[in-house]
Structures are given as structure tokens and as C-alpha cells.
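Remarks on the structure that follows.
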Amino acid sequence: MGVAWANFSDLPQGPIALQVMEVVQLGWMQGYPDGTFRGQDPLNRYQLAAALGRVLKDLGVQASPVAFVDVPQGHWALEPLALAAAWGLVLGYPDGTFRGQEPLTRVALAAVLAKLLERLGVDKEAPLPWDLPPNHWGAAAVRRSLGAGLMDLNPDGSFGPGGVVNRYQMARALAALKPWVEAKRSAPALAEKQESLPKGKLAEPPKAETLEFSGRWVGMARGQAVLVGERVWLWSPAGAKEVGVAEGVEAAALPWVLRNGALEDGRQRYVPLGAGGGKEVLPGVLKRLKEGHLALDPSGNYLLLTSARPLCDCPSRVVRLVLLLTQPVGLYAEYAYLLDDPAAKVVGVAWPDPRNLVFLEASGDRARLYRVNLNAGEDFAFTAWDEGGLEERSPLPVRPVAKALLAELPLPQARGLAFEAPNRLLTLVDGKLQRIQLAEALW
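Written out as C-alpha cells, the structure reads:
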């Protein structure tokens, strides 16, 4: 849901505050980690798709496959693009690109909003403003967007078709759309249609089975589940196989274990820079690591070390992701992951196949599964942020990894994450191993 509107330090008094409040509460837009909304910031085409995707998800729209040559698989915008494409709201260019970083102009927003209004059955028009000729390609869309009250004219009565849309203007349009979206969502015809559609990942409650195993952590290495209890075990549906001692072990991705803030592989101890007592290959800021998770990719070439909470004594949402080469051992990349809120924590991470890095993030009695795209984040290894200070910075000076919600689960006190299949996961709840059967595969 983002940052609550009342906490936005830069929100002016007046109608725009109420509009921002509405769209943030609906989950259609979000604030920034530093408590600002930044309404004057310009929007680009990716951000438009993100907002549209949230609206269409509320309407129960089913995604259509999309393929743009400049939007790689795993990109954070693919899911909202697929939803927006399903209703024909966004299009690419003739060369097959989407060009998501391009600024969004007012006439381009009007064109998208007009298509959405048509889908919602809204047919209102306003006179054409003086600076837009009747033969302009966007004239009809501008008349419809103005007529429905989604956009406003400039003080001089002009529309300014080439002007860049900012976040306040997007919030204004979405707030005005709310009544028609709610009416469409509650329409009997739509409800009947939704009943006939396959249920999505979040529709059916998961089936949980408590297994005969007690422990304190579960994870993955080379596609296989690893359990840490009184001993370290490899897990399969046929049972557990003991593979090592677990004294002091917090997490394991065999042959790697996390013990007392250091990594061990049975031959060497790897520690943060300046920590001493081992080979110094980890960022120095990890001396503050109190709780973490490990995941080894299926090839065994990369080890991910994840902090569970921000590495600072401050209300931060920034969690560190450290990627190490395993042969030879050394720091490869470092990323920032943003928690949903400062009270949340990473309770598990799994690398079930080369394309899917999955995080389990929990707050209160709910846990959310996210697919994480490292390539969409900014690698800040070997920079000043290696040594700390990142968590305290606001706004965040680096681009965090992209995460796409896969499922929301009722898992209080969950710890650890592994997969037996794309629709079957393992975690520990109150120290007991649980197998969670999902309604459908996550990838």
C-alpha cells in the first residue's frame, strides 16, 4: 500500500491531499521510503503501466502475454504491462520496443484514459481546448478525458498536449476514476464472468500440512531443501538425510553455513572487512548482521546472503542482498531490497531454479511471496555504500531490486523458505515444518 498519506511530509493542504489519500489507500499509487509523495516528479511510461496494472488487477482483468524487445523477462513492469495490454491501454512502437523510460505526455495520458473510460462504459465529452486543433490525433481522447473530469485545463484554458505528466496529475486522474472502477467491479455481468474464470494464485486459500520435523530454519541449495535443527539435513518428500552438525548454524546452503555472522564452507571462514578471524571478503557493514538467510543457485556458482532486517538502528526498509562468487570466493554484486514497511522482515529466501529467486517477507500474521529480479536493481558493490550508510539515507541513493508479488499467505511466525515443486513450498511455523500446497504453480 505504500506510505500512508498522513505521513507524507510534502503533501499540501487541499483537494489534492484527499485525492492522493484515496489512490494510496486503494493501492494504486505509493509513496517513497522517506515519507514523501513527490507529486511534482514526472511520470514515465513504466510508471503509467504500474498504476494501470494495479487498477486492472482490482477489476479482475486477466493478463495477456506481452513481448517488447527492450523489456527483458523478469522485469518489474512485465506484470502490469501484461494487464494493461489485455485491455489495449498501452502499445509499443513499430520497432518492437516499449521505451518505458520515456516521459509521459499529457496527450498520451489522455489517450490511455480515453480507452479505459470506453472499457468502463463512460461516454462524456468536453469542448476541445483552444490549443488543440480538431484534426490532432489526440483530440477525441482529450475531449473524453476532460469530460469525465480526469484531467484539468491549464489556468489559461490550454491543454498543453506536450507537457509532462506529474504524480499529482496521475493521482487526480485515478481518484476521479474510482467511482466507475467500483461500479464496474460490482456489476453483475463482471461478477458472473469472474466466476467462470480460473482462480488466480491469491484466490484459493493454501492447504497446509504439518510434517514430523522440528527445526529453526529451512532453505535451498542447488535446488534441494536444507533443514537446520539439532543437525543439518537434506530434505526430500521421501524424508530427511543427516549431513552435518548444526551447532551455532543460523542458515545453510551446503556446503555453506552462516554461523555467528560469518560464512563457512568447511575449509575456510569468510568474514566482513575489518572483522578479523577469517578471510575478509564480505562488505564491512555486515559486521552488524544479526540475522540472515542463504540461498545457493542451482548451478552452485552464486551464493546469496540476505540480511533479515535493515543493518541500522533506524526505521529503514532497506535490506542488503550480497551475491558472492563461489569459485573463486569473492564479492560479486550487492543490491538493496525494500521491505513493505519498517516492521516487516525477510523470513526466507529460495533459489528453486535459475530464473526464480523467491523471497518470503512477513509482517504480523501475514507473509508475502515475492519473485525478485536482481537484474532490475542497481549493483552498488565496491562503492561507498559497501561500507554502510545506505540504510539511513533518504531518499534511497540506489535503485532497489524489483519484486513481483506471487502470493499472500496466512503464516504467522514463519521462518525459512524452500520449494518441493512450483506449487508446493516448505517453511517452519512455530518450529514445525509445514508443507504449503498452493492453488497453482508460481512460475
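With my numbering applied, the sequence shown corresponds to residues 3 to 445, in that order.
Backbone N, C-alpha and C fix where the C-beta goes; we use that ideal spot for every residue, glycine too.
Please read these numbers as outputs of a predicted model, since none were measured by experiment.
Closest by C-alpha distance to residue i, when choosing among the options
i: P529; options: V247, W30, K292 and K209; result: Because the chain here runs from 3 to 445, residue 529 falls outside it and cannot be looked at.
i: V431; options: P414, L444 and P424; result: P414
i: T385; options: L333, E410 and F421; result: L333
i: I18; options: P274, Q171 and P344; result: Q171
i: A297; options: L340, Y34 and G350; result: G350
i: E293; options: D12, S301, Q436 and P312; result: P312
i: P412; options: T429, F421, E422 and P402; result: T429
i: N425; options: R269, F361, Q439 and K434; result: Q439
i: D36; options: E393, A443 and E442; result: E393
i: G62; options: L307, V183, Q270 and S238; result: V183
i: P208; options: R368, G390 and T308; result: R368
i: Q103; options: W132, G76, L435 and V166; result: V166
i: W219; options: A352, S66, D43 and Q15; result: A352
i: L427; options: A185, E211 and G279; result: E211
i: L291; options: V324, L305 and S301; result: V324
i: P344; options: P354, Q329, L408 and G366; result: G366
i: W258; options: L306, W237 and A277; result: L306
i: Q42; options: R437, G250 and V22; result: V22
i: A277; options: E389, F421, W89 and L155; result: E389
i: Q27; options: R56, A223 and G16; result: R56
i: A88; options: L54, G250 and G16; result: L54
Supposed close pair residue i, residue j - CB separation, criterion 8 Å
i: L106; j: L45; result: 5 Å
i: L419; j: G221; result: 7 Å
i: V109; j: P163; result: 4 Å
i: D299; j: P356; result: 7 Å
i: L115; j: A175; result: 6 Å
i: V403; j: V360; result: Wrong, their Cβ atoms sit about 12 Å apart, outside the cutoff.
i: L119; j: F161; result: Contact flag wrong, Cβ pair sits at about 17 Å.
i: A248; j: R233; result: 5 Å
i: A52; j: P67; result: 18 Å between Cβ atoms; not a contact.
i: A242; j: L229; result: 6 Å
Euclidean distance between Cα positions of residue i and residue j
i: K117; j: L91; result: 6 Å
i: F10; j: F39; result: 6 Å
i: L199; j: G231; result: Any reading at L199 must be qualified, since the residue scores a pLDDT of 32, below 50, and its modelled position is unreliable; the value itself is stated next. Distance between the alpha carbons of L199 and G231 is about 43 Å.
i: A406; j: Y372; result: 5 Å
i: W445; j: L179; result: 32 Å
i: G4; j: E363; result: Because G4 sits at a pLDDT of 38, beneath the cut-off of 50, its placement in the model cannot be relied upon, and the point is left open.
i: G379; j: A86; result: 23 Å
i: L288; j: V273; result: 8 Å
i: R101; j: G217; result: 48 Å
i: A193; j: D315; result: Its pLDDT being 36, under 50, A193 is placed unreliably by the model, and nothing is read from it.
i: L326; j: A227; result: 20 Å
i: W139; j: H295; result: 54 Å
i: G159; j: N137; result: 19 Å
i: A79; j: Y95; result: 17 Å
i: G246; j: N303; result: 22 Å
i: R187; j: A443; result: 26 Å
i: W387; j: L275; result: 13 Å
i: P181; j: E24; result: 11 Å
i: A205; j: W132; result: With a pLDDT of 42 at A205, under the threshold of 50, the modelled position of that residue is not reliable, and no figure is offered here.
i: N377; j: R169; result: 26 Å
i: W235; j: A310; result: 22 Å
i: A441; j: L148; result: 43 Å
i: E244; j: F70; result: 47 Å
i: A423; j: A65; result: 24 Å
i: R269; j: A254; result: 15 Å
i: A491; j: R121; result: No statement about residue 491 is possible, as the shown extent of the chain runs from 3 to 445 and does not include it.
i: A191; j: A173; result: Because the pLDDT of A191 is 39, which lies under 50, any placement of that residue in the model is unreliable, and the question is left without a value.
i: L99; j: K126; result: As written in the sequence, residue 99 is Thr, which differs from the Leu given in the question. Looking at the two C-alpha atoms, the distance is approximately 33 Å.
i: K203; j: Q75; result: Only weak support exists for where K203 lies, its pLDDT of 42 falling under 50; the coordinates are left without a value.
i: G279; j: Y339; result: 29 Å
i: K347; j: T308; result: 11 Å
i: V144; j: R417; result: 52 Å
i: F215; j: L435; result: 6 Å
i: L50; j: L13; result: 21 Å
i: D97; j: D72; result: 10 Å
i: P330; j: D154; result: 59 Å
i: G33; j: A185; result: 26 Å
i: D60; j: L111; result: 20 Å
According to DSSP, residues forming a beta bridge with residue i
i: G62; result: Looking at the DSSP assignment, G62 forms no beta bridge with any residue, so it has no partner.
i: A227; result: M222 and W237
i: D342; result: DSSP output for D342 lists no bridge partner at all.
i: F100; result: For F100, which the question treats as bridged, DSSP gives no partner whatsoever.
i: K347; result: A364
i: N156; result: Bridge partners of N156: none, in fact.
i: L486; result: Since the displayed the chain opens at 3 and closes at 445, residue 486 lies outside it and no answer follows.
i: K281; result: Y272
Below-8 Å beta-carbon distance, residue i vs any chain D residue
i: L326; result: Absent here is chain D; the protein component of the structure consists of one chain.
Cβ-heavy atom distance, residue i to the ligand MN, below 7 Å
i: E422; result: Annotation note on the ligand MN: not contained in the displayed structure, which lists no ligands.
Should the stretch 251-264 be called in touch with the stretch 278-291, which here means at least 3 C-beta pairs below 8 Å?
yes
Could you tell me whether the stretch 375-385 touches the stretch 327-344, where touching means 3 or more Cβ pairs closer than 8 Å?
yes
On the three-pair Cβ rule with 8 Å, is the stretch 318-325 touching the stretch 391-399?
yes
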